[in-house]
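Undergrad: Residue numbers (our numbering), protein chains in the order written: chain A, 6 to 268; chain B, 837 to 1100.
Heads up, the beta-carbon is just placed ideally off N, CA and C, and yes, glycines get one too.
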Amino acid sequence: MSLIDAEGVTVRLGRMVVLRDVDFSIERGEIVTVVGPNGSGKSTLIRCLIGALRPARGRLRRAPGLRIGYVPQRLEVDRTMPVTVARFLDLPDRQPPAQVAAALDRVGLEGIGTRDMAQLSGGQFQRVLLARAILRRPDILVLDEPTQGLDQPGTAAFYQLIETLRAETGAAVLMVSHDLHVVMSASDRVICLNGHVCCEGTPTVVSEAPEYRALFGPGTGGTLALYRHEHDHSHGAAPQGEDAGDCRHDHSADEHSTNGRAP
Amino acid sequence: MLDDFLIRAGLAGLGLALAAGPLGCFVVWRRMAYFGDATAHAALLGVALALAFDLSIFTGVLAVALAAAGLVAALSGRQHSTDTLLGVTAHAALALGLVAVSLLHGVRVDLTAYLFGDILAVSRTDLAVIWTGAGAVLALLVWRWSPLLTATLNADLAFAAGLDPRRERMVLTLALALVVAVAIKVVGALLISAMLIIPAATARGLARSPEAMAAAAVFLAGGAALAGLWLSWMADTPTGPSMVAVAAGGFALVAGVSALLDRG
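1. Check whether the Cβ atoms of B/A1039 and B/L1056 lie closer than 7 Å to each other.
2. DSSP state of B/G1086, grouped into three classes?
3. At least one CB of chain B closer than 7 Å to the CB of A/A106: is that the case?
4. Under 7 Å, do B/G933 and B/L898 count as touching if we go by C-beta distance?
5. For A/D10, return the contacting residues in chain B, with the cut-off set at a CB-CB distance below 8 Å.
6. Tell me, please, whether the CB atom of A/P97 is closer than 7 Å to any CB atom in chain B?
7. Among the residues of its own chain, which have a CB less than 8 Å from the CB of B/L974, if the five just before and after it don't count?
8. Give every residue of the same chain whose Cβ lies closer than 7 Å to the Cβ of A/G63, excluding the five residues on either side of it in the sequence, and list them in chain order.
9. Considering only the alpha carbon of each residue, which of A/G19, A/D121, A/S45 and A/R79 lies closest to B/S1045?
10. For A/I55, collect the residues of the same chain with a Cβ closer than 7 Å to its Cβ; drop the 5 residues on either side in sequence, then sort them by chain order.
11. Threshold first: 4 residues or longer. Then list the alpha helix (DSSP H) segments lying entirely within the region 883 to 951 of chain B, N to C.
12. Hey, out of A/Q104, A/I139, A/M86 and A/I117, whose CA is closest to A/T174's CA?
13. Short of 7 Å in beta carbon distance, which residues of its chain neighbour A/M6, apart from the five on each side in sequence? Order them along the chain.
14. State the DSSP-derived secondary structure class of A/I145, mapped to helix, strand or coil.
15. With DSSP run on the structure shown, which of helix, strand or coil describes A/T169?
16. For B/G1076 and B/L1032, which I take to be in contact (beta-carbon distance under 8 Å), what is that distance rounded to the nearest angstrom?
17. What do you get for A/E150, buried or exposed, if any count of 16 or more other CB atoms within 10 angstroms of its CB means buried?
18. List, from N- to C-terminal side, the beta strand (DSSP E) runs of 3 residues or more that fit wholly inside the region 1027 to 1064 of chain B.
19. Any beta-carbon of chain B closer than 7 Å to the one on A/R92?
20. Measuring CB to CB, does B/A997 end up less than 7 Å from A/P97?
21. Using 7 Å as the limit for Cβ to Cβ distance, is B/G846 near chain A?
22. Do you know how far the Cα of A/R194 is from the Cα of B/W865?
23. For A/Y164, go through chain B and note every residue whose CB falls closer than 7 Å to its CB, in chain order.
24. Quick one: does B/P1046 have its CB under 7 Å from some CB of chain A?
25. Taking A/L80 as the query, report the chain B residues whose CB atoms sit under 8 Å from its CB, ordered along the chain.
26. Along the alpha helix (DSSP H) that carries A/A177, what are the first and last residues, could you check?
27. Which first and last residues belong to the beta strand (DSSP E) in which A/R194 is found?
28. For chain B, find out if any of its Cβ atoms is closer than 7 Å to the Cβ of A/I36; answer yes or no.
29. Thinking C-beta only, is B/I1020 closer than 7 Å to B/A879?
30. Residues of the region 1049 to 1074 of chain B with a CB closer than 9 Å to any CB of chain A: list them in chain order, please.
31. Would you say B/W865 faces chain A, with C-beta separation under 7 Å as the test?
32. To the nearest angstrom, how far is the alpha carbon of B/T895 from that of A/G113?
33. Measuring alpha carbon to alpha carbon, tell me which of B/A1053, B/V900 and B/T925 ends up nearest B/L911.
34. So is B/I843 buried or exposed if we call it buried at 16+ other beta carbons inside 10 Å?
35. Are the beta-carbon atoms belonging to B/F871 and B/L930 less than 7 Å from one another?
36. With 16 as the cutoff for other CB atoms within 10 Å, does B/S938 come out buried or exposed?
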């Protein structure tokens, strides 16, 4: 049974339809990455899947008792609230101190528990969020652009850590990213989103799909290879999946080309 | 012992401090200062309604404070920003309250008592109401403490953990309305926000955890209440404003000392 299963989900924010007819599912242990230009509804999809937004239409099912480890896109600890790293990891429920320390060790931040959250660097902060997410042994890690504000080596190290964690814990990973070239090679499946699912499949298949290229340009193919490891390399493969061939709107429109191009 | 009005006044101040300390921390953390103002100013309208319909002041104030908070929550995010809505509600409620009080026939109302408090006139019944209300607020906050903290840090973090941040917000709204209803006798409608915000803001400089900050705020609010009472007794000044003045003095002191320590 899928951990999360969405069928024909439509989400409105105010009067605007942000997501239309999205089908989505993720299995135990799977790494799924959602890519798409700004305003394509990536964060909306994530927020819908974790229960923060209610779909206007469609069906959304989570496995009973599903434990979600969530790393939000941005979290600002207001300077008015004094909170140490250890106390933060104890929210919303207290955890055994040994496990808190172990989670911090796991993300490479041993002994940082007494530090104030406001004093952390961007990279440390993201890793504390990750430590909090893995602390409660989640069935699925959900990460919304978790490497924003990290430099290239920091980003690469962060994704490496996530892959290792998946291998160790067997938790599924669902992430949203702009760091296409880093992320895609580690993913079992990539979903290209632009208000609806444009195309979907293995990283190679998606990177070759005309829908994806229309959104992000052809330039990412080369950089993708840098991080490729276990996936078969098959250029020229036809896009797979029902949605890939059924993309009715015009992807070549100018609105996508500026913010969608990979760095 | 309770026969002494000074002792009753001191106990009333301490009761308020017990609830205002932790609740004030949430007001500071969530930047709800204006929301507190809107709710508190609505209290005056509650007083007018209570007098008109022969209800207890506590009931009238609680009902109107809840209604004002509910109104803001229902309207926010539509056409106007929450900030604007709160500004409208806070001052409209105050103005309506003043108008309504003046329309009451046959009742002589001492407005100053409701605007700035009348702690020296606290009766045994008032004292019971204050401590019951404050105790209820404290129990509510202790019960919901971790969910409230989580929702305050990040709403989506709370959703992902299976909590509902909207429910936690309602908890805070209810607690705020209760504190307003309790505090109107102690510091009055205009200074309730001050007793929420100033001790909590002072406590920030002294604490390293949310719990320590809440506890420190209780002590600071209680200290300000007792010292303000003493000051007003010695210098013959109005009691509610004296308490707030002492609290503000404490804030200035802590802010000054920590600025010096940071430099050195």
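TA: Taking the definition as stated:
1. Here residue 1039 of chain B refers to the residue found at position 203 of the second sequence. Here residue 1056 of chain B refers to the residue found at position 220 of the second sequence. Contact: yes.
2. For the purposes of this step, residue 1086 of chain B is taken as the residue at position 250 of the second sequence. Note: B/G1086 maps to helix in three-state DSSP.
3. In the first sequence, counting from the first residue as 1, residue 106 of chain A sits at position 101. No - not a single Cβ of chain B is within 7 Å of the one on A/A106.
4. Residue numbering aside, residue 933 of chain B sits at position 97 when the second sequence is read from its first letter. Residue numbering aside, residue 898 of chain B sits at position 62 when the second sequence is read from its first letter. For B/G933 and B/L898, no; Cβs fall outside 7 Å.
5. What you label residue 10 of chain A is simply residue 5 of the first sequence in a count that begins at 1. Near A/D10 there are no residues of chain B at all, since even the closest Cβ is about 17 Å away, more than 8 Å.
6. On the first sequence, residue 97 of chain A is found 92 positions in, with the first residue counted as 1. Judged by the 7 Å Cβ criterion, A/P97 is in contact with chain B.
7. Against the second sequence, residue 974 of chain B aligns to sequence position 138. For B/L974, where only same-chain residues beyond five positions count, the Cβ hits under 8 Å are L854, A855 and P858.
8. Translated into positions along the first sequence, residue 63 of chain A becomes position 58. Only A11, E12, G13, V14 and T15 meet the Cβ criterion.
9. As a first step, residue 1045 of chain B must be located in the second sequence, where it is residue number 209. The shortest Cα separation from B/S1045 among A/G19, A/D121, A/S45 and A/R79 belongs to A/D121.
10. Along the first sequence, one-based indexing puts residue 55 of chain A at 50. Closer than 7 Å at the Cβ level, and outside the excluded window around A/I55, lie I73, Y75 and V147.
11. 893 to 911 and 918 to 939
12. Numbered from its first residue, the first sequence carries residue 174 of chain A at position 169. Looking at the Cα atoms, A/I139 is the closest of the given residues.
13. Sequence index remark: in the first sequence, residue 6 of chain A carries index 1 (1-based). Excluding positions up to five away in sequence, the list reads A68.
14. Residue mapping note: residue 145 of chain A aligns to position 140 of the first sequence, counting from 1. Strand at A/I145.
15. Along the first sequence, one-based indexing puts residue 169 of chain A at 164. Helix.
16. Walking along the second sequence from the start, residue 1076 of chain B turns up at place 240. Walking along the second sequence from the start, residue 1032 of chain B turns up at place 196. Their Cβ separation, rounded to whole angstroms, is 14 Å, which puts B/G1076 and B/L1032 out of contact at 8 Å.
17. Taking the first sequence and counting its residues from 1, the one referred to as residue 150 of chain A is at position 145. Buried.
18. none
19. Looking up residue 92 of chain A in the first sequence gives position 87. Taking Cβ atoms only, chain B reaches closer than 7 Å to A/R92, which makes this a yes.
20. Position 161 of the second sequence, counted from the first residue, corresponds to residue 997 of chain B. Position 92 of the first sequence, counted from the first residue, corresponds to residue 97 of chain A. Taking 7 Å as the Cβ cut-off, B/A997 and A/P97 qualify as a contacting pair.
21. Here residue 846 of chain B refers to the residue found at position 10 when the second sequence is read from its first residue. By this cut-off, B/G846 is not an interface position.
22. Position 29 of the second sequence, counted from the first residue, corresponds to residue 865 of chain B. Position 189 of the first sequence, counted from the first residue, corresponds to residue 194 of chain A. Looking at the two C-alpha atoms, the distance is approximately 40 Å.
23. Position 159 of the first sequence holds residue 164 of chain A. The premise fails here: A/Y164 is roughly 21 Å from chain B at the closest Cβ pair, so nothing lies under 7 Å.
24. As a working mapping, residue 1046 of chain B is identified with position 210 in the second sequence. Yes, B/P1046 counts as interfacial toward chain A.
25. In the first sequence, the residue the question calls residue 80 of chain A occupies position 75. Simply L989, N990 and L993.
26. Along the first sequence, one-based indexing puts residue 177 of chain A at 172. Not the alpha helix (DSSP H): A/A177 falls in the beta strand (DSSP E), residues A177 to V181.
27. Indexing the first sequence from 1 puts residue 194 of chain A at position 189. Its beta strand (DSSP E) spans residues R194 to L198.
28. Position 31 of the first sequence, counted from the start, is the residue given in the question as residue 36 of chain A. It does not; no Cβ of chain B falls within 7 Å.
29. For the purposes of this step, residue 879 of chain B is taken as residue 43 along the second sequence, with counting starting at 1. For the purposes of this step, residue 1020 of chain B is taken as residue 184 along the second sequence, with counting starting at 1. Cβ distance < 7 Å, so B/A879 and B/I1020 count as in contact.
30. M1049
31. On the second sequence, residue 865 of chain B is found 29 positions in, with the first residue counted as 1. Interface residue, yes.
32. If you number the second sequence from 1, residue 895 of chain B lands on position 59. If you number the first sequence from 1, residue 113 of chain A lands on position 108. Approximately 55 Å between the Cα atoms of the pair.
33. Within the second sequence, residue 911 of chain B is the residue found at index 75, counting from 1. Nearest of B/A1053, B/V900 and B/T925 to B/L911, Cα basis: B/T925.
34. For the purposes of this step, residue 843 of chain B is identified with residue 7 of the second sequence, where counting begins at 1. Result: exposed.
35. By 1-based counting over the second sequence, the position of residue 871 of chain B is 35. By 1-based counting over the second sequence, the position of residue 930 of chain B is 94. Their beta carbons are not under 7 Å apart, which means B/F871 does not touch B/L930 by this criterion.
36. As a working note, residue 938 of chain B is residue 102 in the second sequence. The residue in question, B/S938, is exposed, as its Cβ has fewer than 16 Cβ neighbours within 10 Å.
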